[in-house]
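Worksheet: the structure to be examined is printed underneath.
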Amino acid sequence: MTDTRKQTRLCPADSGFTLIEVTVSLTVLMIFLVCLSGLTVTASRLLESMEQRYPENTPLYFNSNSSPWERNLGVSAILSSNAEDVVTDTNVLVRTIQMVSFSHDRNAGEISMDVTATEPPP
Amino acid sequence: MKHAQHIRRHGYTLFEVLIAVLLLAIFSPIVAELCRTNGRSISDVNNRSAIVRETGFMTSMLASDFGAATTFLVPGDGSLHLQEYASPFSASQKEIVYARDENNCLWRSDAGVGQTNMVASCVTAFDPTVMPDGTTVRLAITMGRCGSQRSLVFMGAVP
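If you read the sequences in order, they're chains Z and X. One point on numbering: in our numbering, the residue at position 47 of the first sequence is 132, and numbering is uninterrupted. One point on numbering: in our numbering, the residue at position 21 of the second sequence is 224, and numbering is uninterrupted.
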C-alpha cells in the first residue's frame, strides 16, 4: 500500500516539464512568431499598394462631367491625380433603343446584338 | 545512482537547468524583439488600413456628390455645402452638407431626404477652401487614428 503511493508520487510526469517539452514548446512558439511576422509583412505590402491610390499631400481631382443631364442623373465624378483628365461630354443622349437582333454563341462565349437608337428632338 | 535517481524524480538535474537557462537566454531576446516589432507594426498596419478603408468610403461619397453638384458653398465654419438635383428628371435641388464634429467624425447631411450619415470616424481636420477661380473647392483632410496620420488634398469643381 505504501509502495504504490510512493510510485504514484514519484512519477516523472508529475514533477514538471521535461527538457524535451520545453524545447518543443519554444520551437512551436518561434514558428508561430515567424509566421506572424510573415503575415505582417504581407499585410503591410498590401496596405502600401492600397495607400498609393490616395497619395499623401498630393491633390486628387474629382473630375466630373459638365453635362447637366449627367449631373441630373447623379453620375459619380472620377477621382484622378491629373487635373487635365477631365471627362469630355461625348455621350449621345438617346430617346429610344430598339433591339433588332440578338445572338448568343455559347462555344465562343460571345453575345452580339444589334440595336437602333433614336436621338431626342433638339 | 540511487541518489541521482532520487533527484531526477523530484525535479531537474543541474544539466537540465543549465540547458533550460541557456535556451531562455538565447530565445528571450529574439522573442522580445519579435513581439516588440510585430506588436508595433501590427498596430500601425491596423490603424493605417482603417484610415485607407475610411478614405475609400469618404472618397466615393464625395465623388458621388461632386459628380452631381451644381454649386457649392463654404460658409467658413469648416463645413461644405453642395447643391445638387433632388432626383433625376427633376429641376428641384437639395443640399448636402459635410461637417466634422468634435469627435473627429465627418457627417454627411442630406437635407433632401432628411438623413445624416457618418462618412468617416477618424477625421482630425476638414478644411474646405474656395479657390480663386470660384468654381473649384480645395478639401484638405487629415485622417488620424492612434498615432497614424494621413493628410489628403482633394479638388472638386462645379460647372
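By construction, the Cβ of each residue, glycine as well, lies at the ideal position given by its N, Cα and C atoms.
Assigned secondary structure, residue i (DSSP; H/G/I helix, E/B strand, else coil)
| i | result |
| --- | --- |
| Val300 of chain X | strand |
| Val277 of chain X | coil |
| Ser354 of chain X | strand |
| Val160 of chain Z | coil |
| Met334 of chain X | coil |
| Glu155 of chain Z | helix |
| Glu305 of chain X | coil |
| Val200 of chain Z | strand |
| Gly101 of chain Z | coil |
| Leu95 of chain Z | Annotation note: pLDDT 49 at Leu95 of chain Z (below 50); position unreliable, coordinate value reported separately. The answer is coil: DSSP assigns Leu95 of chain Z none of H, G, I, E or B. |
| Ala168 of chain Z | coil |
| Ser282 of chain X | coil |
| Ala193 of chain Z | coil |
| Gly359 of chain X | strand |
Backbone CA spacing between residue i and residue j [nearest angstrom]
| i | j | result |
| --- | --- | --- |
| Leu265 of chain X | Leu237 of chain X | 41 Å |
| Thr258 of chain X | Ser188 of chain Z | 43 Å |
| Phe102 of chain Z | Ser122 of chain Z | 28 Å |
| Ile229 of chain X | Met115 of chain Z | 12 Å |
| Leu158 of chain Z | Pro291 of chain X | 5 Å |
| Met261 of chain X | Ile254 of chain X | 10 Å |
| Arg251 of chain X | Ala271 of chain X | 30 Å |
| Gln318 of chain X | Ala162 of chain Z | 22 Å |
| Ala168 of chain Z | Asp268 of chain X | 18 Å |
| Cys120 of chain Z | Ser152 of chain Z | 53 Å |
| Asn150 of chain Z | Gly359 of chain X | 12 Å |
| Gly337 of chain X | Phe275 of chain X | 10 Å |
| Ala128 of chain Z | Asn192 of chain Z | 40 Å |
| Ser354 of chain X | Pro331 of chain X | 13 Å |
| Met346 of chain X | Ser293 of chain X | 36 Å |
| Ile233 of chain X | Arg311 of chain X | 48 Å |
| Val340 of chain X | Met321 of chain X | 21 Å |
| Glu106 of chain Z | Glu219 of chain X | 12 Å |
| Val224 of chain X | Leu124 of chain Z | 30 Å |
| Glu136 of chain Z | Val248 of chain X | 11 Å |
| Lys297 of chain X | Phe147 of chain Z | 20 Å |
| Thr173 of chain Z | Ser295 of chain X | Bear in mind that a pLDDT of 48 at Thr173 of chain Z, under 50, signals an unreliable position, so the number given afterwards is only what the model happens to contain. Near 25 Å, if we compare the C-alpha coordinates of Ser295 of chain X and Thr173 of chain Z. |
| Ala235 of chain X | Ser244 of chain X | 14 Å |
| Thr138 of chain Z | Cys349 of chain X | The sequence as given places Arg at residue 138 of chain Z; Thr does not occur at that position. If I take the Cα positions, the gap works out to 22 Å. |
| Pro140 of chain Z | Ser351 of chain X | 15 Å |
CB-CB length for residue i against residue j, believed under 8 Å
| i | j | result |
| --- | --- | --- |
| Leu309 of chain X | Val333 of chain X | Actually they do not touch by this definition, with Cβ atoms about 19 Å apart. |
| Val356 of chain X | Pro144 of chain Z | 5 Å |
| Ala343 of chain X | Gly315 of chain X | At roughly 27 Å, the Cβ-Cβ gap does not stay under 8 Å, so Ala343 of chain X and Gly315 of chain X are not in contact. |
| Thr279 of chain X | Arg303 of chain X | According to the sequence shown, residue 279 of chain X is Gly rather than Thr. So it is not a contact: roughly 14 Å between Cβ atoms. |
Segment limits, beta strand (DSSP E) that includes residue i
| i | result |
| --- | --- |
| Ala323 of chain X | 318-323 |
| Met115 of chain Z | Unbroken run through Met115 of chain Z is the alpha helix (DSSP H), 104-136; no beta strand (DSSP E). |
| Glu144 of chain Z | According to the sequence shown, residue 144 of chain Z is Pro rather than Glu. Its beta strand (DSSP E) spans residues 144-148. |
| Arg348 of chain X | 339-348 |
| Ser312 of chain X | 309-313 |
Interface flag, residue i vs chain A, CB-CB below 8 Å
| i | result |
| --- | --- |
| Ala253 of chain X | The chain labelled as chain A is not found among the protein chains of the depicted structure, namely Z and X. |
For residue i, the first and last residue of its enclosing alpha helix (DSSP H)
| i | result |
| --- | --- |
| Phe292 of chain X | Unbroken run through Phe292 of chain X: none, as it is neither H nor E. |
| Arg239 of chain X | 217-271 |
Closer than 7 Å: residue i CB and nearest the ligand MG heavy atom
| i | result |
| --- | --- |
| Ser166 of chain Z | For the ligand MG, the structure offers nothing, since it holds no ligand at all. |
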